[in-house]
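>
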Amino acid sequence: MHTCYACGNSATSDEHVPPKCLFPETKDTPDGTDLRRNLFTVPSCEEHNTHKSGDDEYLFFVLAMNLPANHVANLQVSSKIARAVARRPKLVESMMERAEPVLIADDRTHELYETNKVELDGVRFDRSLRLLALGVYFQHFGKRWHGSLRVQPEFIAFPDEHNSAEIANVIATVAACSQVLFKGATHIGANPSVFSYQVHEGEGTVTWVLRLSFYEGCKVTVFLGIDG
Ligand SMILES: [Zn+2]
Numbered sequence: 005m006h007t008c009y010a011c012g013n014s015a016t017s018d019e020h021v022p023p024k025c026l027f028p029e030t031k032d033t034p035d036g037t038d039l040r041r042n043l044f045t046v047p048s049c050e051e052h053n054t055h056k057s058g059d060d061e062y063l064f065f066v067l068a069m070n071l072p073a074n075h076v077a078n079l080q081v082s083s084k085i086a087r088a089v090a091r092r093p094k095l096v097e098s099m100m101e102r103a104e105p106v107l108i109a110d111d112r113t114h115e116l117y118e119t120n121k122v123e124l125d126g127v128r129f130d131r132s133l134r135l136l137a138l139g140v141y142f143q144h145f146g147k148r149w150h151g152s153l154r155v156q157p158e159f160i161a162f163p164d165e166h167n168s169a170e171i172a173n174v175i176a177t178v179a180a181c182s183q184v185l186f187k188g189a190t191h192i193g194a195n196p197s198v199f200s201y202q203v204h205e206g207e208g209t210v211t212w213v214l215r216l217s218f219y220e221g222c223k224v225t226v227f228l229g230i231d232g
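Going by my numbering, the sequence shown opens with residue 5, and the numbers climb by one from there.
Following this line, the structure appears as structure tokens:
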């Protein structure tokens with residue numbers, strides 16, 4: 005009998021890792037490119053599949069609307085997300101409620117442009133990423149991870165936290181280390197413009213390090229350790 009990738013209870017279905025909603029439908033890709041080929045699935049219980057569909061959608065929105073995301077993400081924003089907004093305007097209203105306009109400088113051109121700073125539901129986002137990381141581990145190793153796990157997104161800023169400089173520092177350091185650690189490591193995943201992951205064997209208390217890439221630009225480093 006199959007057991008759930010996240011909790012070990014009996015599996016009742018297969019869950020896509022990452023959630024299928026991240027991958028555009030063929031009707032939304034310009035030349036009908038199929039970006040839903042050979043998606044990863046893992047056995048899942050009810051709670052860790054259907055019951056988290058709200059979190060899946062939130063994760064998708066945050067990733068696709070993030071600045072470092074690529075053209076496939078932009079495509080998703082102008083098709084699928086636009087439809088979701090038209091259907092349920094309250095959904096985005098609630099996300100944008102406390103949005104504030106900010107000026108951002110483009111890394112390459114140094115031009116300033118206006119965008120929105122949106123408050124992130126950090127607890128929800130962290131929960132989604134942790135489950136996703138467990139799913140990636142299960143898909144890669146064919147078994148459930150039992151140790152501690154920490155996820156570190158590299159693309160989120162916390163401008164209003166009192167220790168924001170410190171947090172920014174940690175994020176920058178992890179990103180820089182990850183960049184070196186995973187240089188040349190194989191990207192696994194049939195649709196890397198949407199999602200791929202890399203695996204690095206750790207040392208000391210860190211058993212494995214994973215690097216997840218969403219829409220190429222949004223990176224998350226995952227530390228899997230015996231005791232953290
Ligand atoms: Zn479960």
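Glycine included, C-beta positions come from ideal geometry on N, C-alpha and C.
Remember, it's a predicted structure, so these values are computed and weren't measured experimentally.
Which first and last residues belong to the beta strand (DSSP E) in which C222 is found?
That run of the beta strand (DSSP E) goes C222 to G229.
> So, is E170 buried or exposed, given that buried needs 16 or more other C-beta atoms within 10 angstroms?
With fewer than 16 other Cβ atoms within 10 Å, it is exposed.
> Please report how far the alpha carbon of V226 lies from the alpha carbon of N70, in whole angstroms.
Cα to Cα, the separation comes out at about 19 Å.
> Going straight from the alpha carbon of D59 to that of F129, what length do you get?
The alpha-carbon atoms of D59 and F129 are separated by roughly 8 Å.
> With a threshold of 7 Å (Cβ to nearest heavy atom), would H204 be considered close to ligand 1?
No - ligand 1 has no heavy atom lying nearer than 7 Å to the Cβ of H204.
> With a Cβ-Cβ cutoff of 8 Å, do S152 and G229 count as a contact?
Yes. Within cutoff.
> Indicate, with yes or no, if ligand 1 has a heavy atom lying under 7 Å from the CB of C181.
C181 Cβ: outside cutoff for every heavy atom of ligand 1.
> May I ask you to report which of helix, strand or coil DSSP gives R92?
Coil.
> Rounded to whole angstroms, what is the Cα-Cα separation between S182 and K24?
Distance between the alpha carbons of S182 and K24 is about 26 Å.
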